[in-house]
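*Asks:*
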Amino acid sequence: MTLPGVLLLDATGPEAGRLATTAAARGHLVHAATTAAAYADQGPDLKDLLAGQIVADFARPDRALDELAAYARRRRVGAVLTVNEYLTELAARLCAELGVPGNDPGRAQAARDKAAMAEWFTAAGVRAPYTVLVPDDAGLRTALADSRVGFPCVIKPVAGAGSAGVTVVRAPAGVAKAAEAARSVVGMHGSSGGRRGVLVQAYAAGTEYSLESLTQDSVTTHLAVTRKQVTGGTARVETAHSLPTLLPAAVEEDMHRQVEAAIGAAGIRNGASHTEVVVDGDGRCTVIEIGARLAAGHIGLLIQHALGIDVWAALLDTALGRPAQLAPTTCGHATVRFVTSPHTGRLTSLSGFPRTGPGVPYVRWRAQIGGRVTEPSTNAHRLGAFVVTGPDAAEVEERADALLRGIRIRVEPSPETAGQVRPASTSAIAP
């Protein structure tokens, strides 16, 4: 019996690699749709794994849809997956075109376009911050005068990702700079976060979490609540994820109720979802955003190590219309710490970065000695990451913090930043 082929939209990055490896290990022929640049940069391990590839222009989604559908039919593709947030709408449309399990193409925009997301949330009764799309400075002034916004507020792009261009504004003096940051965001595949204007959103105070879920035939299973650590100030970059997080039953019930309404609003019927929420001091959950994809930031790896759930196998089974195994098989704890630069400049030295070993299954350093590093304003500015796992939550968190404190980096001003940053320093990277 010939198994159906599997098509990955944008087969780059560790999550896509794990999906490809999982599908190939099960005997499926794995195909990749990629851009010309990504095709040229692919390593031999992935190329050797693939049965075929098609170069697509994702910046022209209608043309890409026709070309990908034709390719998929020729290769007898029975499952389409992506872990790229910018391609979730195209994936939903392609699944519908091929008649394979996927999300509602009519609502898929709501998981990418944050203005559409706010509208669908309102219609579905999701508890979410008041949000308004403003096309110009006049609209910006009107929105900020609205009592439903006030200060602090959040100004962000319509279609960004990774916290790029997102600013917490505490006073009128910061508005112009925040709006310019949102307008300047350019996403992948021709996506321009500020093309239609910017979003002004009421600020939701509280503790930040995300809920990782998987939906099959419109029935949702919640896998884990992830606790987040973020930088303070105007830019909020995630510096740590930890799971599973245990919450009071009433808080968890409210979170599930709000997130399930958001999943329905975004038309997520078959696939993973990553929903960012804030829980206030009264235990009320507010939904900030939803993504129709597996969470980034190594959260899939945390779920696998802490709970024993193979999320990549579950995603594959869901895309193929098979029952996914979602019951935890272990009861542990996992956390990831991200290393960031204390300021902008040139990275001159690094010491103390962890190595893989017992309880540290994953480490990755991205920056190069001598290269330019940036004080974080988006998740893309993180320099490296490591994962710590174990049976006891407190011990895992303490070990991760100790490893983080042991890291030393030295950053010196580069010519283009001289006078803009503090003198060279050696410091521990704090979460």
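According to my numbering, the sequence shown is numbered sequentially starting from 1057. Cβ coordinates follow ideal geometry from the N, Cα and C atoms, glycine included.
1. Helix, strand or coil for V1467 per DSSP?
2. In the DSSP output, which residue or residues are listed as bridge partners for C1341?
3. So V1133 and A1147 are supposed to be a Cβ contact under 8 Å. How far apart are they, rounded?
4. Taking the alpha-carbon positions, what's the A1456 to P1432 distance?
5. Taking 8 Å as the cut-off, does the CB of A1164 come closer than this to any heavy atom belonging to the ligand HEM?
6. Note down the Cα distance separating T1391 from S1269, rounded to an integer number of angstroms.
7. Thinking C-beta only, is T1187 closer than 9 Å to Q1272?
8. Determine which residues share a DSSP beta bridge with G1327 and list them.
9. Is DSSP giving L1200 helix, strand or coil here?
10. Return the CA-CA distance between A1094 and A1067, expressed in angstroms with no decimal places.
11. Report yes if the CB atom of H1330 is closer than 9 Å to the CB atom of I1355, and no otherwise.
12. Rounded to the nearest angstrom, what separates A1237 and E1345 at their Cα positions?
13. Between V1467 and L1403, how many whole angstroms is the CB-CB distance? I'm expecting something under 8 Å.
14. Taking buried to mean at least 16 other C-beta atoms within 10 Å of its own C-beta, is S1266 buried or exposed?
15. So, does the segment 1294 to 1311 touch the segment 1152 to 1168, judging by three or more C-beta pairs under 8 Å?
16. Thinking F1114 and L1143 are a contact (beta carbons under 8 Å), I'd like their distance in whole angstroms, please.
17. Can you give me the C-alpha to C-alpha distance between H1437 and P1384, rounded to a whole angstrom?
18. Do R1204 and R1340 have their C-beta atoms within less than 9 Å of each other?
19. Along the alpha helix (DSSP H) that carries H1312, what are the first and last residues, could you check?
20. Where V1419 and R1116 are concerned, what is the direct C-alpha to C-alpha distance, given to the nearest angstrom?
21. So within the segment 1342 to 1427, which uninterrupted alpha helix (DSSP H) runs reach at least 4 residues, ignoring any that extend past its ends?
22. Mark C1018 as exposed unless 16 or more other C-beta atoms lie within 10 angstroms of its C-beta, in which case mark it buried.
23. Starting from the C-beta of A1180, find all residues in its chain whose C-beta is less than 8 Å away, skip the five residues before and the five after it, and write them out in chain order.
24. At which residues does the beta strand (DSSP E) containing P1117 begin and terminate?
25. In the DSSP assignment, find the unbroken beta strand (DSSP E) run with F1442 in it and report its ends.
26. Enumerated in chain order, which unbroken segments of the beta strand (DSSP E) with a length of 3 residues or greater are wholly contained in the segment 1153 to 1218?
27. Could you spell out the range, first to last residue, of the alpha helix (DSSP H) harbouring A1076?
28. Do G1221 and P1213 have their beta-carbon atoms positioned less than 9 Å apart in this structure?
*Replies:* Quick look at the numbers:
1. strand
2. V1335
3. Actually they do not touch by this definition, with Cβ atoms about 12 Å apart.
4. 20 Å
5. As for the ligand HEM, it is missing from this structure, which has no ligand bound.
6. 18 Å
7. no
8. T1271
9. helix
10. 9 Å
11. yes
12. 19 Å
13. 6 Å
14. buried
15. Cβ pair count under 8 Å is below three, so no.
16. 6 Å
17. 33 Å
18. no
19. 1305 to 1321
20. Those two C-alpha atoms are separated by around 36 Å.
21. 1355 to 1363, 1367 to 1376
22. Nothing about residue 1018 can be reported from this structure: the residues present for the chain run from 1057 to 1487 only.
23. Counting only Cβ-Cβ distances below 8 Å, and skipping sequence neighbours, we find A1317, A1318, G1320, A1321.
24. No beta strand (DSSP E) holds P1117; the alpha helix (DSSP H) holding it covers 1117 to 1130.
25. 1440 to 1446
26. 1187 to 1190, 1209 to 1213
27. Note, A1076: alpha helix (DSSP H), 1070 to 1081.
28. Contact flag set, yes.
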